[in-house]
Amino acid sequence: MEGVRFGDTGVMDDMLTEGPTRASRHVGRAQGTYVTASLPRRDHEEGGGGPAMLLSMNLVLTDYGGSTMAVMGRNDVTEPVRELAVVGGTGRFRMATGYVLWKTNSWKGKSAVFELDP
Numbered sequence: 693m694e695g696v697r698f699g700d701t702g703v704m705d706d707m708l709t710e711g712p713t714r715a716s717r718h719v720g721r722a723q724g725t726y727v728t729a730s731l732p733r734r735d736h737e738e739g740g741g742g743p744a745m746l747l748s749m750n751l752v753l754t755d756y757g758g759s760t761m762a763v764m765g766r767n768d769v770t771e772p773v774r775e776l777a778v779v780g781g782t783g784r785f786r787m788a789t790g791y792v793l794w795k796t797n798s799w800k801g802k803s804a805v806f807e808l809d810p
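For what it's worth, our numbering labels the leading residue of the sequence shown as 693, then goes sequentially.
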């Protein structure tokens, strides 16, 4: 996360597709906010020291009539696979619980492609 500083905030409204390209079938949107929390850890501290985004987002799924899944968690971008909590939902996903596995497919400059496995 080069050029990203502690406390930086952002808003997302990104397309969700079945595959890693924009040409893939559109299945919804990822809408939410994030804050970076990437203070350097000290050598004696364990875990939780990588650059991370504290993330709150709704996955709006078109195949389910706009039903949403609410996802929150700490996205440590140095880890190959991250686990984020499903904390609720609307419509067909009302009262949803569980987790989403989140992987970085590619990252170039300010653009990234992530893979989500619910």
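Yeah, the Cβ is synthetic: ideal placement off N, Cα and C, and Gly gets one too.
All figures in this text were calculated on a predicted structure; none of them were measured in a lab.
State yes or no: is the C-beta of Leu793 within less than 8 angstroms of the C-beta of Glu775?
-> Start at 1 with the first residue of the sequence shown, and residue 793 comes out as number 101. Start at 1 with the first residue of the sequence shown, and residue 775 comes out as number 83. Cβ distance < 8 angstroms, so Leu793 and Glu775 count as in contact.
From Met761 to Asp705, what distance separates their C-alpha atoms?
-> Locating residue 761 in the sequence shown gives position 69, where the first residue counts as 1. Locating residue 705 in the sequence shown gives position 13, where the first residue counts as 1. Taking the straight line from one Cα to the other gives about 14 angstroms.
Kindly indicate the opening and closing residues of the beta strand (DSSP E) around Glu807.
-> Here residue 807 refers to the residue found at position 115 when the sequence shown is read from its first residue. Segment 803-809, the beta strand (DSSP E) holding Glu807.
Identify the continuous beta strand (DSSP E) that holds Arg714 and give its terminal residues.
-> Position 22 of the sequence shown holds residue 714. Element bounds for Arg714: n/a, residue is neither H nor E.
Hey, quick one: how far does the beta strand (DSSP E) through Arg766 stretch, first residue to last?
-> Sequence index remark: in the sequence shown, residue 766 carries index 74 (1-based). Note, Arg766: beta strand (DSSP E), 759-768.
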